[in-house]
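I have placed the structure first, in the form of structure tokens, so that the comments after it can refer back to it.
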Amino acid sequence: MAEVKLLGQFPNPYVYRVIWALKSKGVQYEFVEEDITNKSPLLLKYNPVHKKIPVLVHGGKPVCESMIIVQYIDEVWPQNPLLPSDPHEKSVARFWVKFAEDESPSIYKILQNTGEAMEQGIKETLEMLQAIEDHGLGDKKFFGGDQIGIADLAFGSVIYGLVVVQEAVGIKLLEAHKFPRLLDWHKNFMQVPVIKETLPDWDETVASLRAGREALLKAAASQ
1 MAEVKLLGQF
11 PNPYVYRVIW
21 ALKSKGVQYE
31 FVEEDITNKS
41 PLLLKYNPVH
51 KKIPVLVHGG
61 KPVCESMIIV
71 QYIDEVWPQN
81 PLLPSDPHEK
91 SVARFWVKFA
101 EDESPSIYKI
111 LQNTGEAMEQ
121 GIKETLEMLQ
131 AIEDHGLGDK
141 KFFGGDQIGI
151 ADLAFGSVIY
161 GLVVVQEAVG
171 IKLLEAHKFP
181 RLLDWHKNFM
191 QVPVIKETLP
201 DWDETVASLR
211 AGREALLKAA
221 ASQ
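Residue numbering for the sequence shown follows UniProt numbering, beginning at 1 and increasing consecutively.
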């Protein structure tokens, strides 16, 4: 089997999508830690367009963008499939993946701003959560049923990121009386062995986000 490398940085949530996909397939890989403030020649070589992580390198060929990488992994290693075989179910899963990609940036508006911009991020995030609660899960354990699939990996990093952002910023959006299905799903997702065993250290992750937020706000205030 061709060599597999993953260029990433802890605790980047998009990198974790790829880690979870690789581990769910039992794929051995080498993790290459990147410093996004001082990008390596390897990263610039393999992702010259966006120059960002994650990047999967398989047999010397790069694949970029987290959910494109996850789909690539699912095609190359067909064991424990992440996409359903039924065409309609597959289209539904892809819809929710795109929804996660389109709507999740609202969380970073919360992290990176104060005042009206932060309030707008909160509003958009709550709308995203409500859409998932009302239309994404129904009575299923996971998005695709009894096993985690591609939509779960997409939202797993989003919701985990939101939980950490809540702690770092000092707000509470994921409340049980508002989002019972979503919180049940999150609890189930976090108990899946390949997820539970690979999560970053909680205190270090919160501290990292707090420091990053403070630096951003300080830089904005000095301009």
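Glycine residues also receive a C-beta, built at the ideal position from the N, C-alpha and C atoms. For clarity, every value in this text was computed on a predicted model and none was experimentally measured.
Pick from the options that is closest to residue i, judged by C-alpha positions
i: residue 23; options: 220, 168 and 149; result: 149
i: residue 59; options: 151, 79 and 46; result: 46
i: residue 12; options: 201, 218, 221 and 214; result: 201
i: residue 188; options: 137, 93, 206 and 102; result: 137
i: residue 213; options: 191, 197 and 168; result: 168
i: residue 70; options: 124, 153, 135 and 126; result: 153
i: residue 19; options: 93, 156, 86 and 134; result: 156
i: residue 193; options: 26, 179 and 3; result: 26
i: residue 114; options: 39, 205, 203 and 170; result: 170
i: residue 3; options: 61, 35, 86 and 40; result: 61
i: residue 36; options: 10, 17 and 205; result: 10
Contact under 9 Å by Cβ, residue i with residue j
i: residue 143; j: residue 77; result: no
i: residue 8; j: residue 68; result: no
i: residue 209; j: residue 164; result: yes
i: residue 49; j: residue 57; result: no
i: residue 82; j: residue 176; result: no
i: residue 129; j: residue 196; result: no
Neighbourhood of residue i by C-beta distance below 6 Å, restricted to the same chain and skipping five residues each side
i: residue 112; result: 216
i: residue 32; result: 5 and 7
i: residue 104; result: 158
CB-CB length for residue i against residue j, believed under 8 Å
i: residue 121; j: residue 110; result: 4 Å
i: residue 55; j: residue 43; result: 7 Å
i: residue 14; j: residue 66; result: 4 Å
i: residue 174; j: residue 183; result: 6 Å
Chain-order list of residues whose beta-carbon lies under 8 Å from that of residue i (same chain, five-residue window excluded)
i: residue 117; result: 109
i: residue 107; result: 121, 125, 158, 161, 162 and 165
i: residue 93; result: 83, 84, 143, 144, 149, 150 and 151
i: residue 89; result: 144
i: residue 97; result: 67, 150, 151 and 154
Chain-order list of residues whose beta-carbon lies under 7 Å from that of residue i (same chain, five-residue window excluded)
i: residue 141; result: 188
i: residue 39; result: 51
i: residue 87; result: none
i: residue 206; result: 164, 167 and 168
Every unbroken alpha helix (DSSP H) within the segment 12-85, with a cutoff of 4 residues, ordered by chain: 13-25, 41-46 and 66-76
Any alpha helix (DSSP H) of 4 or more consecutive residues that is wholly inside the UniProt domain "GST C-terminal" (86-209): 87-103, 105-112, 115-131, 150-169, 180-191 and 193-196
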